[in-house]
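A.B. asks: So the protein lines, in turn, are chains A and B. Per my numbering, the very first residue in the first sequence carries number 1177; after that it's consecutive. Per my numbering, the very first residue in the second sequence carries number 1177; after that it's consecutive. All residues carry an ideal CB built from backbone N, CA and C; glycine is no exception.
Number of protein chains: 2
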Amino acid sequence: MREMLEVQQKSMMFVNMLSEGESLSQNQLILLLQLKIKGGMKATEIADFFSVTPGAVTSMCDKLEKLDLLERIRETEDRRVVKMVLTKDGEIKVQEIFLKFPQEKLTDIAQVLIDVNLLMGKLLGIS
Amino acid sequence: MREMLEVQQKSMMFVNMLSEGESLSQNQLILLLQLKIKGGMKATEIADFFSVTPGAVTSMCDKLEKLDLLERIRETEDRRVVKMVLTKDGEIKVQEIFLKFPQEKLTDIAQVLIDVNLLMGKLLGIS
DNA sequence: AAATATATTTTAGTAATTAAAATATTTACT
DNA sequence: AGTAAATATTTTAATTACTAAAATATATTT
C-alpha cells in the first residue's frame, strides 16, 4: 500500500512540474490534458473525474472558456448534454505544457510509462 | 506522455476510492497518509508537497488537530519549525482507511506497486 | 399528454486558499 | 556581544473554489 501512496506522491510531483511557472491552476491544467487525451468530455464525466459537483464543473469550464482554451458543444443526439472540447488555443496550450519536459528524455521514458500504466490498470481492476 | 497522464488519472481514482464515504476531504486523507509514510512532516514540507502557501498548511493542520488526528511538535534543535505528526487516533484512522481495500488483494498487488514506484522514480529522476 | 428522470446552469452561502503583515527564533555580520 | 538579515510559522482580510438546492431545458416513461 505504501507503494501506491508513493506513486500517488510522484504523480503529484508530476503535476507540480507541469504547473511550474504556469498561470493556470493545477486542476485547470489537468482538465486541459484530460480533454486532450479523451478528445472532449461531458460535464458529468468531468465532475466524476474530479469528484466535484456539477456546479463546480460549470464554474471551472466558464473560466477556461473565457480564456478561449475550451469550448462547449451541445450534443445533437441529446441536447441536454454539453461536451467540453479544446479550442485551437487550448490545443496549443497543451503542446506548450509538454515542451517543458526535456525533449531528449521523452522517448526514453515513453515505454516505462506504458508499463506503469498497464500495471496500475491491472491493480485497480480497470481498463 | 499520455501514459503519465493516465497514471495520474489512475492515481486520482485511487484517492477517490480512499475517500469514498469518508468524512475527511481528499487532501486531508492524503496528508494523513503522507504523515504515516514519512513519520511526520514540517509545515514547509507539507506546503511544498501540496503546492500551497504556508498559511493554507496552518489552516489544514488546525482542522486535523481539532479532530485529534494530528499534533504539532515544536523541534528542540530549531524552535521555529513545527513537525506535524499523527496522534494515536490519527494512526487508527490511517489503518481504517486501508481496511477499505479487499484484504485478499493486498498481497497480490504489493509487488506490482513496488515495481511501479521504482519505475516512476527513475522517470522523474528522484529517489 | 403528463409525470418522471436526466444534464447542466444559476444562486446564495460555506470553505479553502492567497498575499501580506506579524511573531518567534536562528544565523550572519561587524 | 549586539544588530541586522534570514527563516519558519501564524494571523488576518480578501479572493477564489466549492457545495447544496432551486431553476431550466431536454428526454424518457407511462
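In terms of alpha-carbon separation, which member of B:Leu1205, B:Arg1256, B:Lys1259, B:Glu1221 lies closest to Leu1243 of chain B?
C.D. replies: Closest by alpha carbon: B:Leu1205.
A.B. asks: Return the CA-CA distance between Gly1215 of chain B and Glu1196 of chain B, expressed in angstroms with no decimal places.
C.D. replies: Rounded to whole angstroms, Gly1215 of chain B to Glu1196 of chain B spans 25 Å at the Cα level.
A.B. asks: So what's Ser1303 of chain B in DSSP terms, helix, strand or just coil?
C.D. replies: Annotation note: pLDDT 48 at Ser1303 of chain B (below 50); position unreliable, no value reported.
A.B. asks: Leaving aside the five residues before and after Glu1251 of chain B along the sequence, list all residues of the same chain whose C-beta is less than 7 Å from its C-beta, in chain order.
C.D. replies: Only Val1257, Lys1259 meet the Cβ criterion.
A.B. asks: Quick check: the Cα distance between Ala1232 of chain B and Ala1219 of chain B, rounded to an integer number of angstroms?
C.D. replies: Their backbone Cα atoms lie some 10 Å apart in a straight line.
A.B. asks: Which word fits Lys1239 of chain B, buried or exposed, when buried means at least 16 other C-beta atoms lie within 10 angstroms of its C-beta?
C.D. replies: Classification for Lys1239 of chain B: exposed.
A.B. asks: To the nearest angstrom, report how far apart Ser1187 of chain B and Thr1234 of chain B are at their CA atoms.
C.D. replies: Each residue's alpha carbon lies about 26 Å from the other.
A.B. asks: Is the CB of Ser1303 of chain A under 7 Å away from at least one CB in chain B?
C.D. replies: Unreliable positioning characterises Ser1303 of chain A in this predicted model, as indicated by a pLDDT of 48, which lies under 50. A coordinate reading is not provided.
A.B. asks: With a threshold of 7 Å on Cβ separation, who are the neighbours of Glu1247 of chain B within its own chain once the five nearest residues in sequence on each side are excluded?
C.D. replies: Correct list, in chain order: Glu1241, Val1261, Thr1263.
A.B. asks: Is DSSP giving Lys1259 of chain B helix, strand or coil here?
C.D. replies: Three-state DSSP puts Lys1259 of chain B in a strand.
A.B. asks: Around the Cβ of Glu1253 of chain B, are there at least 16 other Cβ atoms within 10 angstroms (buried) or fewer (exposed)?
C.D. replies: Counting Cβ neighbours within 10 Å, Glu1253 of chain B comes out exposed, since fewer than 16 surround it.
A.B. asks: Using a Cβ-Cβ cut-off of 7 Å (strictly less than) and excluding sequence neighbours within five positions of Ser1227 of chain A, which residues of its own chain qualify?
C.D. replies: None.
A.B. asks: Leu1245 of chain B and Leu1208 of chain B look like a contact to me (Cβ under 8 Å); what is the Cβ gap, rounded to whole Å?
C.D. replies: Contact flag correct, Cβ pair sits at about 6 Å.
A.B. asks: Does DSSP put Glu1267 of chain B in a helix, a strand or coil?
C.D. replies: Three-state DSSP puts Glu1267 of chain B in a helix.
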